[in-house]
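Residue numbers (this note's numbering): 2 to 358.
Step one of this worksheet: look at the structure below.
Below, the structure is given as structure tokens:
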């Protein structure tokens, strides 16, 4: 079937095949049961720890008010994210609760195909990686549910809303947008620069929530790739339209530059107050819009953001050029995330107001 992207229509003749990821990740072997995983690697022990809570589906129902629509935060590519209230103590008379977020994986293949079940297992391993735990822009794992027909995870998180929903909102000010972009760039650089690196491969604003202070937190890992995880990539896993690297769409290998491309689109979203409408993708794709509007030295920052008191007009063209370079059709011309971080840190708004709340 054809895949439309910024450079036209690509034929995905490779659908159904698997391709090795183009990076230098070391070989590891992992036993099948994640709850007693043995990783043969001299890099890091990715055993899933026993301090995770093993919860029933009924408990998840209770925490979310029977999965009330009022508690639904997001529908991602592989699940639904809900707000919840979880009891703090074991005493049933103690009514103290803490805010949590609960993700239910709803892809029907998860319960029929062992390979797709790896998605769930990989997320638990990833979030328990001692190098990863504590990163402020990744969800903190509390527990999981693995019943006969249910897969779920519980996070220590109180989400304001998804980045997708907030991008078009006026309450999301310029300074907070730049802070969010810089935090996400630092997160990707952190993951890419690990000795055994991780690729997210499915970066888009629907997979990121913001907390009450507009700090971005990534919660969707359905296409995560890392050295201790599954090392093959199914081309059926095509990512999200409008954010997928066109080189991957042409059956090329996934690399860190694939994440860079997606980040470039995300940066355009933040500055232009635009997001793709999934009901009308071709007409609303932000990368297609930017390709038509961009000229060297121009600014694609939304007019309302240019009127923000923290906006510096010197930053508009710099951010626009950076986003477009991240999306360059030639992979080797795209910057690494380390350079992206440096260029964002050099913006006038960051230099003058980065510590301001």
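Glycine included, C-beta positions come from ideal geometry on N, C-alpha and C.
Small disclaimer: the values here were computed from a predicted structure and weren't measured.
task = Give the secondary structure of residue 209 by DSSP, where H, G and I count as helix, E and B as strand, and everything else as coil.
result = Note: residue 209 maps to strand in three-state DSSP.
query = Which partner residues of residue 162 appear in the DSSP bridge assignment?
reply = The partner list for residue 162 (beta bridge, DSSP) reads 211.
task = Could you name the residues of the same chain whose beta carbon sits closer than 7 Å to that of residue 163, not counting the 5 residues immediately before and after it, in chain order?
result = Within the same chain, residue 163 has close Cβ partners 74, 75, 206, 207, 209, 210.
ask   = Among the residues of its own chain, which have a CB less than 6 Å from the CB of residue 128, if the five just before and after it don't count?
value = Residues 142 of the same chain have their beta carbon placed closer than 6 Å to that of residue 128, with the five preceding and five following residues left out of the count.
message = With a threshold of 6 Å on Cβ separation, who are the neighbours of residue 242 within its own chain once the five nearest residues in sequence on each side are excluded?
response = Non-local C-beta neighbours of residue 242 in its own chain, meaning closer than 6 Å and more than five positions away in sequence, comprise 282, ordered along the chain.
key: Host alpha helix (DSSP H) of residue 365 (start-end)   = Limits of the chain in this structure are 2 at one end and 358 at the other, which puts residue 365 out of reach.
query = Is it buried or exposed for residue 299, if we count other Cβ within 10 angstroms and need 16 for buried?
reply = Exposed.
message = Using only the alpha-carbon positions, how far apart do residue 200 and residue 133 sit?
response = C-alpha separation (whole angstroms): 13 Å.
query = Smallest Cα separation from residue 338: which of 273, 278, 184?
reply = Per the Cα distances, 184.
ask   = What are the boundary residues of the alpha helix (DSSP H) that residue 181 is part of?
value = That run of the alpha helix (DSSP H) goes 175-193.
ask   = Per DSSP, which one or two residues make a beta bridge with residue 260?
value = Residue pairing by DSSP places residue 260 in no beta bridge whatsoever.
message = Going by DSSP in three states, residue 70 sits in which element: helix, strand or coil?
response = In the structure shown, residue 70 adopts helical secondary structure according to DSSP, grouped into three states.
ask   = Looking only at DSSP bridge pairs, what is residue 199 linked to?
value = Its beta-bridge partners are 227.
query = Between residue 295 and residue 340, what straight-line distance do the alpha-carbon atoms span, to the nearest angstrom?
reply = Using only the alpha carbons, I get a separation of about 21 Å.
key: Start-to-end residues for the beta strand (DSSP E) that takes in residue 103   = Residue 103: member of the beta strand (DSSP E) spanning 98-106, first to last residue.
ask   = Between the Cα of residue 158 and the Cα atoms of 213, 148, 186, which residue gives the shortest distance?
value = Among 213, 148, 186, the Cα nearest to that of residue 158 is on 213.
request  = Find out if the Cβ-Cβ distance for the pair residue 402, residue 313 is shorter than 8 Å.
outcome  = Nothing about residue 402 can be reported from this structure: the residues present for the chain run from 2 to 358 only.
task = Using a threshold of 8 Å, state whether the C-beta atoms of residue 89 and residue 155 are closer than that.
result = It is not a contact, given that the beta carbons lie outside the stated cut-off.
Bridge partners - residue 81, DSSP secondary structure assignment = BP columns for residue 81 point to 76, 105.
query = How would you write the range of the alpha helix (DSSP H) that residue 344 sits in, first residue to last?
reply = Residues 338-346.
key: Nearest to residue 345 (by Cα), restricted to the options 67, 317, 329   = The residue with the shortest Cα to Cα distance from residue 345 is 317.
request  = Identify every residue that forms a DSSP beta bridge with residue 118.
outcome  = Under the DSSP definition of a beta bridge, residue 118 lacks any partner.
query = On the three-state DSSP scale, how would you describe residue 298?
reply = Correct three-state label for residue 298: coil.
Chain-order list of residues whose beta-carbon lies under 6 Å from that of residue 105 (same chain, five-residue window excluded) = Excluding sequence neighbours, residue 105 sits near 80, 81, 153.
task = Measuring alpha carbon to alpha carbon, tell me which of 224, 56, 267, 327 ends up nearest residue 167.
result = Of the residues 224, 56, 267, 327, the one whose Cα lies closest to the Cα of residue 167 is 267.
C-alpha distance - residue 121 paired with residue 222, whole-angstrom precision = Looking at the backbone, the Cα of residue 121 and that of residue 222 are separated by about 9 Å.
message = Going by DSSP, what residue range makes up the alpha helix (DSSP H) through residue 64?
response = First-last of the alpha helix (DSSP H) with residue 64: 58-64.
Any non-hydrogen atom of the ligand GTP within 7 Å of residue 241 CB = As presented, the structure is devoid of all ligands, the ligand GTP included, so that no description of it is given.
inquiry  = Please state whether the Cβ-Cβ distance between residue 326 and residue 315 is less than 8 Å.
reply    = With respect to residue 315, residue 326 sits apart: the two C-beta atoms are not nearer than 8 Å.
query = Does DSSP put residue 310 in a helix, a strand or coil?
reply = Residue 310 sits in coil when the DSSP states are folded into three classes, being neither helix nor strand.
request  = Using DSSP bridges, identify the partner residues of residue 144.
outcome  = Answer is 54, 155, bridged to residue 144.
Beta-bridge partners of residue 267, as assigned by DSSP = DSSP lists no partner for residue 267.
request  = Determine the contact status of residue 180 and residue 215, defining contact as a CB-CB distance below 8 Å.
outcome  = Note that the C-beta distance between residue 180 and residue 215 is below 8 Å.
ask   = Along the chain, where does the beta strand (DSSP E) that runs through residue 218 open and close?
value = Per DSSP, residue 218 belongs to the beta strand (DSSP E) from 217-219.
query = I think residue 261 touches residue 270, with their Cβ atoms under 8 Å apart; what is that distance to the nearest whole Å?
reply = About 15 Å; that fails the 8 Å criterion.
request  = Whole angstroms is fine: what's the gap from residue 174's alpha carbon to residue 310's?
outcome  = Roughly 10 Å between the two C-alpha positions.
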